[in-house]
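*Asks:*
Number of protein chains: 2
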Amino acid sequence: MKKIINAPDQIVEEMLSGIVRSYPKIVTRVEDTRVVARVKSSEQVGLVSGGGSGHEPAHAGFVGDGMLHAAVLGDVFTSPTPDQVLEGIKAANANQGVLLIVKNYTGDILNFDMAKELAEMDDIEVETVVVDDDIAVENSTYTAGKRGVAGTVLVHKILGAASRAKRSLQELKTLGEEVVAQTKTIGIALEAATVPEVGHKGFELAEDEIEYGVGIHGEPGYRKEKIKPSKELAEELVTKLLEAYEETPKEIALLVNGMGGTPLMEQFVFMNDVLDLCATHAIHVRFTKVGNLMTSIEMQGLSLTMLDVTTHPEWVDALEEQVTTIAW
Amino acid sequence: MKKIINAPDQIVEEMLSGIVRSYPKIVTRVEDTRVVARVKSSEQVGLVSGGGSGHEPAHAGFVGDGMLHAAVLGDVFTSPTPDQVLEGIKAANANQGVLLIVKNYTGDILNFDMAKELAEMDDIEVETVVVDDDIAVENSTYTAGKRGVAGTVLVHKILGAASRAKRSLQELKTLGEEVVAQTKTIGIALEAATVPEVGHKGFELAEDEIEYGVGIHGEPGYRKEKIKPSKELAEELVTKLLEAYEETPKEIALLVNGMGGTPLMEQFVFMNDVLDLCATHAIHVRFTKVGNLMTSIEMQGLSLTMLDVTTHPEWVDALEEQVTTIAW
Numbered sequence: 001m002k003k004i005i006n007a008p009d010q011i012v013e014e015m016l017s018g019i020v021r022s023y024p025k026i027v028t029r030v031e032d033t034r035v036v037a038r039v040k041s042s043e044q045v046g047l048v049s050g051g052g053s054g055h056e057p058a059h060a061g062f063v064g065d066g067m068l069h070a071a072v073l074g075d076v077f078t079s080p081t082p083d084q085v086l087e088g089i090k091a092a093n094a095n096q097g098v099l100l101i102v103k104n105y106t107g108d109i110l111n112f113d114m115a116k117e118l119a120e121m122d123d124i125e126v127e128t129v130v131v132d133d134d135i136a137v138e139n140s141t142y143t144a145g146k147r148g149v150a151g152t153v154l155v156h157k158i159l160g161a162a163s164r165a166k167r168s169l170q171e172l173k174t175l176g177e178e179v180v181a182q183t184k185t186i187g188i189a190l191e192a193a194t195v196p197e198v199g200h201k202g203f204e205l206a207e208d209e210i211e212y213g214v215g216i217h218g219e220p221g222y223r224k225e226k227i228k229p230s231k232e233l234a235e236e237l238v239t240k241l242l243e244a245y246e247e248t249p250k251e252i253a254l255l256v257n258g259m260g261g262t263p264l265m266e267q268f269v270f271m272n273d274v275l276d277l278c279a280t281h282a283i284h285v286r287f288t289k290v291g292n293l294m295t296s297i298e299m300q301g302l303s304l305t306m307l308d309v310t311t312h313p314e315w316v317d318a319l320e321e322q323v324t325t326i327a328w
Numbered sequence: 001m002k003k004i005i006n007a008p009d010q011i012v013e014e015m016l017s018g019i020v021r022s023y024p025k026i027v028t029r030v031e032d033t034r035v036v037a038r039v040k041s042s043e044q045v046g047l048v049s050g051g052g053s054g055h056e057p058a059h060a061g062f063v064g065d066g067m068l069h070a071a072v073l074g075d076v077f078t079s080p081t082p083d084q085v086l087e088g089i090k091a092a093n094a095n096q097g098v099l100l101i102v103k104n105y106t107g108d109i110l111n112f113d114m115a116k117e118l119a120e121m122d123d124i125e126v127e128t129v130v131v132d133d134d135i136a137v138e139n140s141t142y143t144a145g146k147r148g149v150a151g152t153v154l155v156h157k158i159l160g161a162a163s164r165a166k167r168s169l170q171e172l173k174t175l176g177e178e179v180v181a182q183t184k185t186i187g188i189a190l191e192a193a194t195v196p197e198v199g200h201k202g203f204e205l206a207e208d209e210i211e212y213g214v215g216i217h218g219e220p221g222y223r224k225e226k227i228k229p230s231k232e233l234a235e236e237l238v239t240k241l242l243e244a245y246e247e248t249p250k251e252i253a254l255l256v257n258g259m260g261g262t263p264l265m266e267q268f269v270f271m272n273d274v275l276d277l278c279a280t281h282a283i284h285v286r287f288t289k290v291g292n293l294m295t296s297i298e299m300q301g302l303s304l305t306m307l308d309v310t311t312h313p314e315w316v317d318a319l320e321e322q323v324t325t326i327a328w
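These protein sequence lines map, in sequence, to chains A and B.
Note that UniProt numbering gives residue 153 to position 153 of the first sequence, counting from 1, and the numbers run on in steps of one.
Note that UniProt numbering gives residue 327 to position 327 of the second sequence, counting from 1, and the numbers run on in steps of one.
(1) Hey, quick one: how far does the beta strand (DSSP E) through B:S53 stretch, first residue to last?
(2) Count the other CB atoms, across all protein chains shown, that sit within 10 Å of the CB of B:T33; report buried if there are 16 or more and exposed otherwise.
(3) Pop quiz: A:E197 and A:V27 are said to be a contact at Cβ under 8 Å. What is the actual Cβ separation, rounded to whole angstroms?
(4) Interface residues of chain A around B:R21 at Cβ under 8 Å?
(5) Return the chain-ordered list of same chain residues with a C-beta closer than 6 Å to the C-beta of A:E87, the five sequence neighbours on each side being excluded.
(6) With a 10 Å radius around its C-beta and 16 neighbouring C-beta atoms as the bar for buried, classify B:R147 as buried or exposed.
(7) Would you list, in sequence order, the uninterrupted alpha helix (DSSP H) runs of no fewer than 4 residues that lie entirely inside the stretch 104-175 of chain A?
(8) Show which residues of chain B have a CB atom less than 8 Å away from the CB atom of A:N6.
(9) From the DSSP output, read off the bridge partner residues of B:Q300.
(10) Which residues in chain B sit within 8 Å of A:L255, going by Cβ to Cβ distance?
(11) Using only the alpha-carbon positions, how far apart do A:I227 and A:I210 sit?
(12) Might you give, ordered along the chain, the residues of its own chain that have their beta carbon closer than 7 Å to the beta carbon of A:H284, omitting 5 neighbours on each side?
(13) Going by the CB atoms, is the gap between B:I89 and B:A58 shorter than 7 Å?
(14) So, is the C-beta of A:K2 closer than 7 Å to a C-beta in chain B?
(15) Return the CA-CA distance between A:Q267 and B:M299, expressed in angstroms with no decimal places.
(16) Whole angstroms are fine: how far does the CA of B:V290 sit from the CA of residue 359 of chain B?
(17) Using a Cβ-Cβ cutoff of 9 Å, what residues of the stretch 301-322 of chain B are near chain A? List them in chain order.
(18) Nearest to B:E321 by CA position, among B:G54, B:A60, B:E56, B:G64, is which residue?
(19) For B:A37 and B:V48, I'd like the C-alpha separation in whole angstroms.
(20) With DSSP run on the structure shown, which of helix, strand or coil describes A:K231?
(21) Which of helix, strand or coil does DSSP assign to A:G88?
(22) Just list the alpha helix (DSSP H) runs in the stretch 274-324 of chain A, keeping only unbroken ones of 4 residues or longer that don't cross its boundaries, in chain order.
(23) Can you tell me which of the three DSSP states B:V36 falls into?
(24) Check B:D75 in the structure and name its three-state DSSP category.
(25) Can you tell me the Cα-Cα spacing of B:T280 and B:Q182, whole angstroms?
(26) Considering Cα atoms alone, identify which of A:T128, A:L237, A:G74, A:E125 is closest to A:V12.
(27) Compute the beta-carbon to beta-carbon distance between A:A136 and A:G221, rounded to the nearest angstrom, for a pair I have assumed lies under 8 Å.
(28) In or out: A:N95 buried (at least 16 other Cβ within 10 Å) or exposed?
(29) Could you tell me if the beta carbon of A:F287 falls within a distance shorter than 6 Å of some heavy atom in the ligand NAP?
(30) Let me know the secondary structure DSSP gives A:T185 once reduced to three states.
(31) Go ahead and label B:E56 buried or exposed: buried means 16 or more other beta carbons lie within 10 angstroms of its beta carbon, across all protein chains shown.
(32) Between A:L297 and chain B, is there a C-beta pair that is closer than 7 Å?
(33) Helix, strand or coil, according to DSSP, for A:G18 in the structure here?
(34) Apart from the five residues just before and just after A:A70, which ones in its own chain have a Cβ nearer than 6 Å to its Cβ?
(35) Does chain B have any CB closer than 7 Å to the CB of A:P82?
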């Protein structure tokens with residue numbers, strides 16, 4: 001294992017320290033916790049997300065004006081504990097209630113739920129939106145039901161705009177669930193990542209082989225085969241995404257998300273092919289974003305997220321709003 | 001070679017298309033050229049940069065209000081031709097003159113110079129700032145003198161602010177040269193990148209080996225040895241950078257730049273160590289940025305850039321100004 005680290009069990013601590021020291025005008029650490037919070041608070045419903053580390057810039061990179069109020073960092077690929085999530089809730093609380101945005105993994109669901117109960121004992125009103133945008137497989141390692149992956153970032157962005165617009169906790173919960181229902185993601189992997197505490201790659205692929213449907217923790221997908229040209233990969237992913245909607249969306253937002261080790265060059269080539277396919281299907285692409293937003297350490301691969309905005313043009317406005325974060 | 005592409009000789013064309021189609025509100029392509037230009041023009045000195053592709057998001061990702069006016073894309077790791085640079089100059093020209101920001105590689109210097117001459121025949125006033133921030137080696141593959149690497153992005157940012165503030169062409173050239181003189185960079189590589197047209201890795205490192213001083217095209221550095229903890233890597237790079245200044249800077253800006261395949265997790269761990277060392281040396285860090293800004297396709301590694309701002313607090317303001325680009 002060749003990584004720029006000091007010791008595997010110190011990575012999250014040192015990374016967190018590096019994040020808040022690098023961007024002190026945007027984020028701060030809640031002392032003695034694994035919570036990254038906004039520097040400036042305001043009278044809004046607090047948005048808290050988080051999960052295992054290893055998905056950087058998610059989630060700390062999306063804390064700031066117009067997006068999250070706090071992110072809670074677990075160990076690498078491990079849910080944060082309930083007491084840490086509780087600290088995140090307290091940091092985000094401005095007496096307007098707090099909404100938890102949780103990716104659908106068994107550990108996260110359990111721990112965020114427990115933190116919700118603890119916060120309610122402290123008289124903080126808390127609601128939860130569960131993101132399960134990955135359409136690749138129905139159940140998987142760590143998950144009952146579909147996994148939460150890169151589409152989570154679009155949920156952060158749209159809810160962040162709504163929170164800034166002073167919408168209520170119940171309105172935000174409803175909005176979040178509406179957005180999640182229209183958000184679908186599917187990914188491919190070319191090379192696995194190495195979890196530092198494990199020390200070897202999470203799975204093996206042959207020199208010319210890729211895997212469709214791999215999750216952001218290297219969970220198995222649905223097929224391995226020889227790599228194909230980008231156009232054909234795009235065709236497979238776009239087709240699968242469109243099949244996941246009851247009817248073909250007329251207007252969409254698109255996110256091509258790099259998994260950490262795949263260069264932007266390939267991400268843009270792929271997006272170009274996706275846009276060609278959307279044109280073929282007469283789908284109007286209203287918003288596009290390309291980059292490493294929800295990674296899997298240094299995994300090579302990418303995911304494609306589609307959000308149906310046909311009946312919600314205001315979601316496009318929300319996606320386009322300026323924010324002050326490290327990484328949006 | 002496992003890459004998400006269609007054909008090696010189509011990558012730049014398709015990537016460029018992907019970039020402008022993904023961000024049509026920020027950038028546009030000058031028709032039938034390899035030039036990415038701002039959507040909105042204004043009465044400013046035009047800033048043009050560019051070079052070989054493979055360094056994404058540089059340089060097209062830094063086109064937009066407050067930074068570059070146009071970026072010219074060559075083939076992968078290959079200088080753009082003079083006629084393409086000329087198109088970039090024309091796109092950036094708003095009758096206030098055009099400044100070329102060129103990384104110090106023999107091909108780039110030649111071709112940007114030739115384009116300057118062609119533009120002057122068209123009565124466009126053109127000046128050049130050459131960036132040679134890499135202190136690792138004095139001469140290298142492709143270069144006479146020091147190489148231009150990640151520090152170039154800081155030059156873009158500070159000159160972008162000055163152009164927006166309506167400074168003159170001569171003032172910008174002088175400013176650019178002052179910034180370059182205070183900008184020092186050094187990098188390390190853990191794994192080489194594969195140039196698509198070549199099909200195999202540009203150099204080889206053993207499983208536990210890294211190379212100090214590697215350039216952004218995989219040019220040789222100054223030493224190979226076993227990987228060390230991040231703290232020790234930081235110590236080596238910080239020491240070399242400080243030695244490159246006549247006296248230890250009192251106040252600096254810092255950029256940790258990922259080479260494409262190294263996750264943010266490691267970049268933040270490393271920055272944390274760098275900040276510790278700066279504290280030890282009683283150096284005040286006024287500005288910090290971490291991320292993949294000037295990559296070498298999917299090379300694993302990073303570089304550290306230091307900019308002495310001791311006598312120029314206004315450079316910090318320039319670095320902090322909001323801009324509208326894809327990737328700053």
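The C-beta atom is built at its ideal place from N, Cα and C for all residues, glycine as well.
*Replies:* Let me lay it out:
(1) 46-53
(2) buried
(3) The Cβ separation is near 25 Å, so there is no contact.
(4) M271, N272, L275, T288
(5) V30, T33, V35
(6) buried
(7) 106-121, 151-164
(8) P229, S230, K231, V269, D273
(9) B:Q300 pairs with B:E191.
(10) Per Cβ cutoff of 8 Å: no residues; A:L255 is ~10 Å from chain B at best.
(11) 6 Å
(12) K250, E251
(13) no
(14) yes
(15) A straight-line Cα-Cα distance of about 15 Å links A:Q267 and B:M299.
(16) What is shown of chain B runs 1 to 328, which leaves residue 359 of chain B out entirely.
(17) Per Cβ criterion, the list reads G301, L302, E320, Q322.
(18) The shortest C-alpha separation from B:E321 is found at B:G64.
(19) 9 Å
(20) helix
(21) DSSP, read as helix, strand or coil, puts A:G88 in helix.
(22) 313-320
(23) strand
(24) strand
(25) B:T280 and B:Q182: Cα-Cα distance of roughly 21 Å.
(26) A:G74
(27) 6 Å
(28) exposed
(29) Absent from the structure shown: the ligand NAP. Ligands present: none.
(30) Of the three classes helix, strand and coil, the one that applies to A:T185 here is strand, per DSSP.
(31) buried
(32) Sequence check: residue 297 of chain A is Ile here, not Leu. For A:I297, the answer is yes, since a Cβ of chain B falls inside 7 Å of its Cβ.
(33) helix
(34) Result list for A:A70: V35, A37, V48, G88, A91, A92, in chain order.
(35) no
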